[in-house]
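If you count the sequence shown from 1, you need to add 131 to reach my numbering.
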Amino acid sequence: MSKRYIQTFQQVVSLPTAPFIEGSVVRFIREFVARRRQLRLRADRFGNLLVTYTPPARRRRRPNSPPILFAAHMDHPGFTAERMLDAGRVEARWRGWVQSRYFPDERIKFFVASTAEGGCATSAVGRWVPAVIEKVVPF
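1. Using the C-alpha atoms, what's the distance from His204 back to Phe140?
2. At the level of alpha carbons, what is the spacing between Gly249 and Ser133?
3. Pull the bridge partners of Asp217 from the DSSP assignment, please.
4. State the CB to CB distance for the pair Tyr184 and Leu172, rounded to an integer number of angstroms; the pair is presumed to be in contact (CB under 8 Å).
5. Let me know the alpha helix (DSSP H) ranges lying completely inside the region 140-179, each 4 residues or longer, listed in chain order.
6. With H, G and I counted as helix, E and B as strand and the rest as coil, what does DSSP make of Arg238?
7. In the DSSP output, which residue or residues are listed as bridge partners for Val182?
8. Report the three-state DSSP secondary structure of Arg193 (helix, strand or coil).
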């Protein structure tokens with residue numbers, strides 16, 4: 132696999148995301164498609180994105196061949212910070228379907244998005260803040 136493909140994959144999976152908090156990934160995909168003439172983007176009413184690729188004429192082998200479809204989630208289980216309890220503690224909500232018994236005393240990092248990005252980062256804009264899980268508030 133090419134180094135470029137691996138780098139793109141690493142960029143996507145490094146974006147902060149959680150169920151129903153998928154703006155970073157959506158923005159990345161929109162910007163990625165906008166920079167490539169052969170790609171087109173459509174979104175349905177639920178927010179699902181469909182990216183289609185049209186190869187240049189010189190690379191088309193079978194004009195009537197069926198499309199190839201790749202499907203992926205734009206989120207993964209994660210926490211969202213709800214409010215600061217004090218200077219060193221935050222109340223966070225768990226968004227995911229992993230049992231909470233695995234979390235006490237585990238280390239976690241929260242992403243603090245840059246206000247320049249409208250609170251939604253497409254890369255490492257902002258910073259990751261380390262924390263320790265004390266208690267889990269289910270979604």
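Beta carbons: idealized from backbone N, C-alpha and C, even for Gly. All figures in this text were calculated on a predicted structure; none of them were measured in a lab.
In short, the structure shows the following:
1. 13 Å
2. With a pLDDT of 44 at Gly249, under the threshold of 50, the modelled position of that residue is not reliable, and the figure given next carries that caveat. Near 33 Å, if we compare the C-alpha coordinates of Ser133 and Gly249.
3. Arg220
4. Contact doesn't hold; Cβ gap of about 11 Å is too wide.
5. 154-165
6. strand
7. Leu172
8. coil
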